[in-house]
Structure formats: C-alpha cells, structure tokens
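Everything below concerns the one structure shown next.
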Amino acid sequence: MLRVRRSSLTLLAGGVLAAVRPSAADEEKATLLVGDVAYAAAAGPGFRDRPTLDLYGVGGTGKGKRPVVLFIHGGGWRQGDKSNVRAQPEGFVSRGYIFASANYRLDPPVTPRDQGADVAAAVAWLHAHAAEHGGDGGMIFLIGHSAGAHLAALVGTDRRLLAAHRLESAALAGIVRLDGAGYDASRQMAATRLPALRHTYRE
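Start counting at 1 in the sequence shown, then tack on 793, and there's your number in my numbering.
If you want it as structure tokens, here you go:
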C-alpha cells in the first residue's frame, strides 16, 4: 500500500497551489473556454461518443501561458462525470491555472487499464493544445479523486500509457491523489470486512 507522510502531501499540494499565486487584485473568474471537446479521435468500447473534456480558464486573451490542472473524477470506476467539479474551476483559475476535467470510459465493459489509457489520451491532448487556450502544455498537473486517484497513479507509474502518445512521464509536472483507496485491490479484498466493498473490488 502506498503511504505518504502528511508533510510530504502538504508540500506536494502546496507546490501545486503555489506555482502561480497572483495577488487578490489579479484573481480572475473561471470561464468555460471549450466544452465537450473530443480528446481522442475515435470511440472505443464503452463510449457511445468520443471521449471529451471541459476546459476552464480566463475569458479573452488571459495572461500568458498558465500551468494546467487535469481533474479525473471518482465514482468507483463505474459512475461519475467530468461535470462533478463543484468550485474547483474557480479555485484553480483564480490562482493562475487552466483547469480541465475529463470523462473516461466506465466499467463495464472496460477495465481500469482502459480507463488509464483514456486519461493518458487527455494528457496528450492538453500537451498538444493547451497553448491554444492560454495554457502551458509542458506544465500539466494530474489530480484524481477516489477511483480517479487510482487512474492518476496508474498513468504516472505505467510508462506505456503515455508512451502510446510518444510522451514520457516527465510530461506530467506532478500528480495529486485525493481520497484514493484502490491502490492494492487484491490485498484490500482479502482484508475488508465489508461485503459490499469486496464486491466492488471483485467486479
């Protein structure tokens, strides 16, 4: 099981938020720059349509190239949507970021590795196109919640996923995992006393 000391986690999260820290006078509101933009050329099993992402930033010309945050939603690998971002676009854009939220194929019929491939494709799209919307494609932070945290960790550790897009792990400036529980599913299936949780991992 992956263990992270609180001090390390604080430094990591603080480093993301501190990369660009404008003064209160410079804070700007988040605008949906593009919605439902297809980040992959073709749909695979599990997608009725092409996989898409939403991109939030500053309306108009903005201020130079901003680092990019890509958020991967949770939902037990089986549910959830890129619209589940609450106040995150406002929080990050007001601190000088471009914020993206991506959908990925849900289980069934795909596997978490297929979902990781979708996340890697979203990273590749941002790497290639963020500059068109005021972002820095060379400064991408990947943030995942719950099942999304597992997928973010998978993309960061399985080099084959980014390599499929001719990218290396260095294409990511950082990875933040929020409320992740599924890093060692086999061990957790054996250890849990909750039948519902064991069923979730088995499925």
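For each residue, glycine too, the CB sits at the ideal point set by N, CA and C. Predicted, not measured: the structure shown is a model, and the values here were computed from it.
A residue is called buried once 16 or more other Cβ atoms fall within 10 Å of its Cβ, and residue 822, having fewer, is exposed.
Checking the DSSP bridge columns, you'll see residue 970 partnered with 937. Pairing residue 961 with residue 869, the inter-Cα distance amounts to about 27 Å.
For residue 994, the enclosing alpha helix (DSSP H) has its first and last residue at 988-995. Scanning its chain for C-beta atoms nearer than 6 Å, with the 5 sequence neighbours on each side dropped, one finds around residue 978 the residues 994, in chain order. If only uninterrupted beta strand (DSSP E) runs of at least 3 residues are considered, those enclosed by the region 890-933 are 891-895. When DSSP states are grouped into helix, strand and coil, residue 830 belongs to the strand group. Residue pairing by DSSP places residue 845 opposite 831 in a beta bridge. Here residue 861 carries a strand assignment [DSSP, helix/strand/coil]. By the neighbour-count criterion, in which 16 or more other beta carbons inside 10 Å mark a residue as buried, residue 834 falls on the exposed side. With contacts defined as CB atoms closer than 8 Å, residue 928 and residue 861 qualify as a contacting pair. Between residue 828 and residue 959, the alpha-carbon positions lie close to 26 Å from each other. Using a 10 angstroms sphere on the CB of residue 825, the tally of other CB atoms stays under 16, which defines it as exposed. Secondary structure note for residue 980: its alpha helix (DSSP H) is the uninterrupted segment 978-984.
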